[in-house]
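*Asks:* These protein sequence lines map, in sequence, to chains A and Y. Per this note's numbering, the very first residue in the first sequence carries number 5; after that it's consecutive. Per this note's numbering, the very first residue in the second sequence carries number 5; after that it's consecutive. A virtual CB, placed ideally from N, CA and C, is assigned to each residue, including glycine.
2 protein chains.
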Amino acid sequence: MRISQLSAASGVPIPTIKYYLREGLLPPGEQTSATRAEYDVGHVRRLRLIRALLEVGRLSIASIRKVIAAVDDEDLGMHKVLGTAHYALAPAVEAHEDDEEWRRARAEADRLIADLGWRIDPGAPTRDELAQAILTLDRLGMPATGEALRPYAAAAIDLVVEHEIGTIPIDGPREAAVEALVVGTVVHGRVLDILRRLAHESVSARFFGVPES
Amino acid sequence: MRISQLSAASGVPIPTIKYYLREGLLPPGEQTSATRAEYDVGHVRRLRLIRALLEVGRLSIASIRKVIAAVDDEDLGMHKVLGTAHYALAPAVEAHEDDEEWRRARAEADRLIADLGWRIDPGAPTRDELAQAILTLDRLGMPATGEALRPYAAAAIDLVVEHEIGTIPIDGPREAAVEALVVGTVVHGRVLDILRRLAHESVSARFFGVPES
DNA sequence: GTCATTGGCTAGCTGTACTATCCAATAATG
DNA sequence: CATTATTGGATAGTACAGCTAGCCAATGAC
C-alpha cells in the first residue's frame, strides 16, 4: 500500500499523513526504494486511533504521541499504558501550591478519593483536576463536598466496573486490548458527557415547560 | 473599583481584562471621565464565569460570548439559555451528509434518543456529536448500539434529574439561576468525567494486579 | 507640579495543527 | 525508451486562538 492508497483508505490527506510521520505518531512504512515505501493495514488502524484521540478525545498531538509511545512499548503493563492515557486526558492544570484556597480544594479532593477507597497514584494529575473543579464550584457557591459529589462517584464506578473494564478483550493480542482500553476510556467519556447534556436538554424542556413541538 | 483593583480582585491580568472588554465578554465599566471607568462586583462575578467556562469548561472565547449574550438577554427563557450553553459545549462536528456510514450512525443516535423518550430539538448539534462518537466506536469494533449505551443514558438521566436540576435556585434572581444552570452544566460535566477517569484508574489498578504501594 | 494610572488603540507574540511547495529519484505507461 | 506521474524528504508558510505589549493623551492623587 502506497501513501496515496493509505490516504484514500483512511480519509486523511497526504500532507497530514506526512505530518504525522514527521511527528512520530505514525511509524514509517517499509522502504522498498529511495522513493517508495510500503504501508499496511496497521497504518490504517493507527490512523484511526490517532483520529479518534484527536477528534473525539480532543487530545493534542503531543499527548497523542505520548499515548502511542506507551501503546507501542511492549514492556509496559496495561495499567501503566492506561495511566498514560489518563494523564494525557488531564489537561495540565498547574497547581498553585501557594494559594490557601487551592490547598483546601486539593485536600477536599484527596479526602473524597480516600473516603471512596479508590486506589489512585498520589501524583496523579487527575487529583489536581478534581481540585480545580471543586474550587470552581466553591467559588460559585455550589455544593462541592464529598457528600454532594458522591452520586457522581457512584455513577462513575458503576459504569467503569460493569461496562468498560468488562468489555476489554483480554484474551486477544496485547495491541488490540490496549487500544480498546485507551480508546474506550476516551470515547466512552465523551459518550457519557454527550448523553448527560442530552438528558439535561430533555429534562430542561419538561422542567421549564416548553410546549411540545 | 478601577481596572487595577478588578484585576487584583479577580486574579486576571489587566491586559487580559482589556482583551475581554474588546471581545465583548465583559461589559464596559461606568465611565466617570475620559480616562476613568468604574467597575463593580458584577464584573468580578462575570470574570469568574468567564474563567470557569474557559478553564473548566474549555469553551472558546467565541462560544463564551454567545453564552454570555444569552445569559444577559432578559427576554430569553431558561430553556433557551441552557440550550445556548449546551450548543456551545458541542464542539462543532461537521456532518458529512453524503457519507453512508455517517448517516447510519446519525440514524442510530436519533433512534437511541427516540427510544429513551427524550425531548431533544431535531436540530441539536448534540445529535451529531453522539453520531460521531457512535461512528468512532463502530469503526474500532466496539459495541455502540442502543443496548450498549443504555447504562450511560440511565446514569446521565439520574444525575441530571436527581442532582443537577434539583439544586438550581429557581426562587432567586434570574441571573443567579441562569448562571448556576450554565456553570453547573459545564462544571458538573467535568466533575463526572474526572471521577470516571479516577474510577478507571482505581479499578484498573486492582484488575491488572498492581501491588499496593 | 509632578508622577503614576487609565482607557483606547494597534500591533505583536506564542503555540497548535496543519498545508503548500519544491526537489530529485523512481515507477508506470505508451 | 521517452514521457509522465508519484513518492519521500525537507523546508517554509498558513490560519486561528488567546493573549501580551507598547504607546498615547488625559486625568487624578499627592
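At the level of alpha carbons, what is the spacing between Val207 (chain A) and Ala94 (chain Y)?
*Replies:* Going by the C-alpha atoms only, they are around 18 Å apart.
*Asks:* Residues of chain A with CB closer than 8 Å to the CB of Arg108 (chain Y), please, in chain order.
*Replies:* Neighbours of Arg108 (chain Y) on chain A: none; closest Cβ ~16 Å, over 8 Å.
*Asks:* Name the chain Y residues that come within less than 7 Å of Glu133 (chain A), Cβ to Cβ?
*Replies:* Ile198
*Asks:* Taking C-beta to C-beta, are Val3 (chain A) and Leu86 (chain A) nearer than 8 Å?
*Replies:* Since the displayed chain A opens at 5 and closes at 217, residue 3 (chain A) lies outside it and no answer follows.
*Asks:* Tell me whether Gly46 (chain Y) is buried or exposed, calling it buried when 16 or more other Cβ atoms sit within 10 Å of its Cβ.
*Replies:* By the Cβ-count criterion, Gly46 (chain Y) is exposed, with fewer than 16 other Cβ atoms from all chains shown falling within 10 Å of its own Cβ.
*Asks:* Cβ closer than 8 Å: which chain A residues qualify as neighbours of His47 (chain Y)?
*Replies:* Near His47 (chain Y) there are no residues of chain A at all, since even the closest Cβ is about 15 Å away, more than 8 Å.
*Asks:* Answer with yes or no whether the minimum CB distance from Met5 (chain Y) to chain A is below 8 Å.
*Replies:* no
*Asks:* Since Glu205 (chain A) contacts Ile124 (chain Y) with CB under 8 Å, what's their CB separation in whole angstroms?
*Replies:* 6 Å
*Asks:* Cβ atoms of Thr171 (chain Y) and Pro173 (chain A): under 8 Å apart, would you say?
*Replies:* no
*Asks:* Quick check on DSSP: helix, strand or coil for Glu78 (chain Y)?
*Replies:* coil
*Asks:* For Thr149 (chain Y), count the other beta carbons within 10 Å of its own beta carbon; 16 or more makes it buried, fewer makes it exposed. Which is it?
*Replies:* Thr149 (chain Y) should be labelled exposed.
*Asks:* Would you verify that the beta carbon of Glu179 (chain A) is, or is not, closer than 8 Å to some beta carbon of chain Y?
*Replies:* For Glu179 (chain A), the closest Cβ of chain Y is not nearer than 8 Å.
*Asks:* Under 8 Å by Cβ, that's how I've got His160 (chain Y) and Ala203 (chain A) pegged, so tell me the actual separation to the nearest angstrom.
*Replies:* The identity of residue 160 (chain Y) in the sequence shown is Ala, whereas the question assumes His. With a Cβ gap of about 4 Å, Ala160 (chain Y) and Ala203 (chain A) count as contacting.
*Asks:* Give the single residue among A:Gly213, A:Trp122, A:Arg200 and A:Arg6 whose Cα lies nearest to the Cα of Pro155 (chain Y).
*Replies:* A:Arg200
*Asks:* Could you tell me if Arg40 (chain A) is buried or exposed, where buried requires 16 or more neighbouring beta carbons within 10 angstroms of its beta carbon?
*Replies:* exposed
*Asks:* So Thr171 (chain Y) contacts chain A; which residues on that side make the cut at Cβ distance below 9 Å?
*Replies:* Contacts between Thr171 (chain Y) and chain A, judged by CB atoms closer than 9 Å, involve Met146, Pro147 and Ala152 in chain order.
*Asks:* In the DSSP assignment, what residue or residues form a beta bridge with Glu166 (chain Y)?
*Replies:* In the DSSP output, where bridge partners are listed per residue, Glu166 (chain Y) has none listed.
*Asks:* Helix, strand or coil for Thr36 (chain Y) per DSSP?
*Replies:* The three-state secondary structure of Thr36 (chain Y), taken from DSSP, is strand.
*Asks:* Less than 8 Å between the CB atoms is what I'm expecting for Ala109 (chain A) and Leu139 (chain A), so what's the real figure, rounded?
*Replies:* 4 Å
*Asks:* Helix, strand or coil, according to DSSP, for Ala109 (chain A) in the structure here?
*Replies:* helix
*Asks:* Which residues in chain A have a C-beta closer than 8 Å to the C-beta of Leu93 (chain Y)? List them in chain order.
*Replies:* Arg201
*Asks:* Locate the alpha helix (DSSP H) running through Arg178 (chain Y), then write down its first and last residues.
*Replies:* Arg178 to Phe211
*Asks:* My guess is that Val57 (chain Y) and Val190 (chain Y) are in contact by the Cβ rule of under 8 Å, so how many angstroms apart are they, rounded?
*Replies:* In the sequence as displayed, the identity of residue 57 (chain Y) is Leu instead of Val. Yes, Leu57 (chain Y) and Val190 (chain Y) are in contact; Cβ-Cβ is about 6 Å, under 8 Å.
*Asks:* Less than 8 Å between the beta carbons of Val214 (chain Y) and His192 (chain A), yes or no?
*Replies:* no
*Asks:* Alpha helix (DSSP H) containing Arg140 (chain Y): first to last residue?
*Replies:* Looking at the sequence shown, residue 140 (chain Y) is not Arg but Thr. Counting along the chain, the alpha helix (DSSP H) containing Thr140 (chain Y) begins and ends at Pro129 to Arg143.
*Asks:* Between the Cα of Phe211 (chain Y) and the Cα atoms of A:Ile72, A:Glu34, A:Glu166 and A:Ala158, which residue gives the shortest distance?
*Replies:* A:Glu166
*Asks:* Gly81 (chain Y) versus chain A: which residues are under 8 Å apart at the beta carbon?
*Replies:* Phe212 and Val214
*Asks:* Please report whether the beta-carbon of Val191 (chain A) lies at a distance below 8 Å from any beta-carbon of chain Y.
*Replies:* yes
*Asks:* What is the rounded straight-line gap between the Cα of Glu151 (chain Y) and the Cα of Leu116 (chain Y)?
*Replies:* Rounded to whole angstroms, the separation of the alpha carbons of Leu116 (chain Y) and Glu151 (chain Y) is 9 Å.
*Asks:* Tell me the rounded alpha-carbon separation between Asp24 (chain Y) and Leu30 (chain Y).
*Replies:* It is Tyr, not Asp, that sits at residue 24 (chain Y) in the sequence shown. Whole-angstrom Cα-Cα distance: 6 Å.
*Asks:* Return no unless some Cβ of chain A is closer than 8 Å to the Cβ of Arg40 (chain Y).
*Replies:* By this cut-off, Arg40 (chain Y) is not an interface position.
*Asks:* Just curious, the alpha helix (DSSP H) that Ala13 (chain A) is in, first and last residue?
*Replies:* Ile7 to Ser14
*Asks:* Can you pull the DSSP bridge partners for Glu59 (chain Y)?
*Replies:* Its beta-bridge partners do not exist; DSSP assigns none.
*Asks:* With distance defined between alpha-carbon atoms, name the residue in A:Glu78, A:Tyr43, A:Ala92 and A:Arg49 nearest to Ala66 (chain A).
*Replies:* A:Ala92
*Asks:* Step through the CB atoms of chain Y and report whether any lies within less than 8 Å of the CB of Val187 (chain A).
*Replies:* yes
*Asks:* When you compare each of A:Ala89, A:Glu42 and A:Ile198 to Ser8 (chain A) by their alpha carbons, which one comes out closest?
*Replies:* A:Glu42
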